[in-house]
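In what follows, a single structure is set out as structure tokens and then discussed.
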Amino acid sequence: MAMVLGFVLLVSTSIGRDLLEHEGPLVLGAFFIPFRTPMRVNLLTSYIGLMAIYSICFFVAFRAHGGFLQNLQSLSRGSGLPRIPNWLVTMPFASSALLLIVIVITILQDQLGVPTGSLPPQDPYVMLYLLAYSPVLEEWTFRISTIGFAVGLRILVSRGTLVHFPLSFLSPERAKAQAGLPRIADSGWRGLHWSEWLALAITSIGFGLAHILAGEGWQTGKVVTAGLSGLTLGICFLAYGGYASILLHWFFNFYFEVFLLGGTLLGGSFDTLGLWTSLLTLAVGILGMIVAVSWILFRKEWDERTPIPYKLGETQSDFV
Numbered sequence: 003m004a005m006v007l008g009f010v011l012l013v014s015t016s017i018g019r020d021l022l023e024h025e026g027p028l029v030l031g032a033f034f035i036p037f038r039t040p041m042r043v044n045l046l047t048s049y050i051g052l053m054a055i056y057s058i059c060f061f062v063a064f065r066a067h068g069g070f071l072q073n074l075q076s077l078s079r080g081s082g083l084p085r086i087p088n089w090l091v092t093m094p095f096a097s098s099a100l101l102l103i104v105i106v107i108t109i110l111q112d113q114l115g116v117p118t119g120s121l122p123p124q125d126p127y128v129m130l131y132l133l134a135y136s137p138v139l140e141e142w143t144f145r146i147s148t149i150g151f152a153v154g155l156r157i158l159v160s161r162g163t164l165v166h167f168p169l170s171f172l173s174p175e176r177a178k179a180q181a182g183l184p185r186i187a188d189s190g191w192r193g194l195h196w197s198e199w200l201a202l203a204i205t206s207i208g209f210g211l212a213h214i215l216a217g218e219g220w221q222t223g224k225v226v227t228a229g230l231s232g233l234t235l236g237i238c239f240l241a242y243g244g245y246a247s248i249l250l251h252w253f254f255n256f257y258f259e260v261f262l263l264g265g266t267l268l269g270g271s272f273d274t275l276g277l278w279t280s281l282l283t284l285a286v287g288i289l290g291m292i293v294a295v296s297w298i299l300f301r302k303e304w305d306e307r308t309p310i311p312y313k314l315g316e317t318q319s320d321f322v
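In our numbering, the protein residues as written are 3 to 322.
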């Protein structure tokens, strides 16, 4: 619904016309450093391109790790899920639970006098465009380029080959599997090398600090919440790949903004839709936290029900 509403706003409000009439610099980035290129792009064309990227990510997520429908069938039969389930099965719980944790931390910090801040007011078309652009840009800048490079470098040192290096930027799990290194699907947390944990720590801290160093309205408290989100995004990238971390980032940026704009600019049923979406998200977040606590307390029983991980080369069940 969020993706559809993103297009509805183009044709039903002035956002589409405003995007068409404005251009902006093409901003790229890698290894923590965003940079503006001399090239300028039409904002509407860029926006449609970003929506295409998200559509591709959703398509890959639907098919990967056994497929969304196959995972739901396994749940309905009570046969359990693989150690790394399909991302569209996991994402609602992970994203909503993380949102709930961020909200609680933000409230506690505000009570302790540590302000989080917020983005400054912008024209609707500017805010929508920036929040559509930032997940792709920031995931490549902070996680895909850095953590992917760390995984590729480890494979190079361990196996002495560059064959799997490009794949490490798209799917670290598959790159490690093809190189014969431990992966999360087989070994759980033991499938993460110390160099990957180090990369997670560095990128998470850097992601938190970048929000206040950018000078866009965020304050000290944002370091904690953004750092926690960065850690979750990094683990998501290592376990699933770039498509999943982009979609999780999309949830925090574009997802809520598009429902907010829909309610503000279109009103009526769209306002009600935004309200119910927020309530449902919080409810799923609570459920996700209950599932996480249950897994921690009864991990042994959960592991006994975990099916044998899919092997590479068996249909499309591992990765696309």
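Every residue gets a Cβ at the ideal spot worked out from N, C-alpha and C, and that includes glycine.
Being a predicted model, the structure only gives us computed values, none of them experimental.
Can you tell which of the options has its C-alpha closest to the C-alpha of residue i?
i, options, result
"Val-159", "Ala-181, Leu-268 and Leu-132", "Ala-181"
"Ser-356", "Ser-247, Phe-9 and Leu-282", "Residue numbering for the chain in the displayed model covers 3 to 322; residue 356 lies beyond these limits and cannot be assessed."
"Leu-45", "Gly-31, Leu-83, Leu-130 and Arg-85", "Leu-130"
"Tyr-242", "Pro-36, Val-91, Phe-34 and Ala-203", "Val-91"
"Pro-168", "Thr-148, Phe-253, Phe-37 and Ile-186", "Thr-148"
"Glu-23", "Ser-48, Arg-145, Ala-203 and Arg-38", "Ser-48"
"Ser-16", "Gly-193, Leu-277 and Pro-126", "Pro-126"
"Leu-240", "Leu-215, Val-153, Arg-42 and Pro-87", "Val-153"
"Leu-281", "Leu-101, Ile-86 and Arg-38", "Leu-101"
"Gly-51", "Ala-134, Gly-276, Leu-249 and Pro-27", "Ala-134"
"Val-6", "Leu-284, Phe-272 and Trp-278", "Phe-272"
"Gly-193", "Ile-237, Phe-253, Arg-42 and Phe-37", "Ile-237"
"Met-3", "Val-295, Ser-296 and Leu-275", "Leu-275"
"Gly-31", "Leu-299, Ile-146 and Gln-111", "Ile-146"
"Phe-151", "Gln-111, Thr-205 and Gln-124", "Thr-205"
"Gln-124", "Trp-278, Leu-299, Glu-259 and Val-106", "Glu-259"
"Thr-143", "Thr-279, Glu-25, Phe-37 and Gly-26", "Phe-37"
Please report how far the alpha carbon of residue i lies from the alpha carbon of residue j, in whole angstroms.
i, j, result
"His-166", "Val-13", "44 angstroms"
"Phe-256", "Val-10", "14 angstroms"
"Thr-108", "Pro-184", "37 angstroms"
"Phe-261", "Val-293", "27 angstroms"
"Arg-65", "Trp-199", "28 angstroms"
"Leu-202", "Ile-186", "15 angstroms"
"Val-104", "Phe-33", "25 angstroms"
"Ala-99", "Leu-284", "8 angstroms"
"Arg-42", "Arg-85", "44 angstroms"
Report buried or exposed for residue i, applying the criterion of at least 16 other Cβ atoms within 10 angstroms of its Cβ.
i, result
"Phe-321", "Since pLDDT at Phe-321 reaches only 34, below the 50 mark, its modelled position is unreliable, and the value read off the structure follows with that caveat. With 16 or more Cβ atoms within 10 Å of its Cβ, Phe-321 is classed as buried."
"Glu-141", "buried"
"Ser-363", "Limits of the chain in this structure are 3 at one end and 322 at the other, which puts residue 363 out of reach."
"Gly-264", "buried"
"Gln-113", "exposed"
"Lys-313", "Note that Lys-313 has pLDDT 46, beneath the 50 cutoff, so the model's placement of it is unreliable and the number below is only indicative. Exposed, by the Cβ-count rule."
"Pro-87", "buried"
"Ile-35", "exposed"
"Arg-19", "exposed"
"Thr-227", "buried"
"Gly-269", "exposed"
"Gly-244", "buried"
"Glu-316", "Note that Glu-316 scores 39 on pLDDT, short of 50, meaning its location in the model is unreliable and no value can be drawn from it."
Can you tell me the Cβ-Cβ gap for residue i and residue j, rounded? I've got them flagged as a contact below 8 angstroms.
i, j, result
"Leu-132", "Val-29", "Actually they do not touch by this definition, with Cβ atoms about 10 angstroms apart."
"Ser-197", "Arg-156", "5 angstroms"
"Leu-235", "Leu-249", "Their Cβ separation, rounded to whole angstroms, is 10 angstroms, which puts Leu-235 and Leu-249 out of contact at 8 angstroms."
Tell me whether residue i counts as near the ligand PLP, meaning its Cβ is closer than 7 angstroms to at least one heavy atom of that ligand.
i, result
"Thr-163", "The ligand content of the structure shown is nil, which means the ligand PLP is not present either."
Closer than 8 angstroms, CB to CB, is residue i near chain B or not?
i, result
"Ile-292", "Going by chain labels, chain B is absent from the structure shown, which holds only one protein chain."
Problem set entry | Stretch-stretch touch, CB-based, cutoff 8 angstroms, three pairs: the stretch 170 to 187 with the stretch 50 to 62 | As far as the Cβ criterion goes, the stretch 170 to 187 does not touch the stretch 50 to 62, which means the pair count is below three.
Problem set entry | Segment contact flag, the stretch 94 to 102 with the stretch 283 to 293, C-beta cutoff 8 angstroms, min 3 pairs | The stretch 94 to 102, when compared against the stretch 283 to 293, does touch it at the 8 angstroms Cβ threshold.
Exercise. For the stretch 66 to 76 against the stretch 39 to 57, are there 3 or more C-beta pairs whose distance is under 8 angstroms?
Worked result: The stretch 66 to 76, when compared against the stretch 39 to 57, does not touch it at the 8 angstroms Cβ threshold.
Problem set entry | Meets three-Cβ-pair contact criterion under 8 angstroms: the stretch 202 to 209 and the stretch 217 to 232 | Contact between the stretch 202 to 209 and the stretch 217 to 232 is present, because at least three Cβ pairs lie under 8 angstroms.
Exercise. Using 8 angstroms as the Cβ pair cut-off and three pairs as the minimum, do the stretch 215 to 223 and the stretch 113 to 121 touch?
Worked result: At 8 angstroms Cβ cutoff, the stretches touch.
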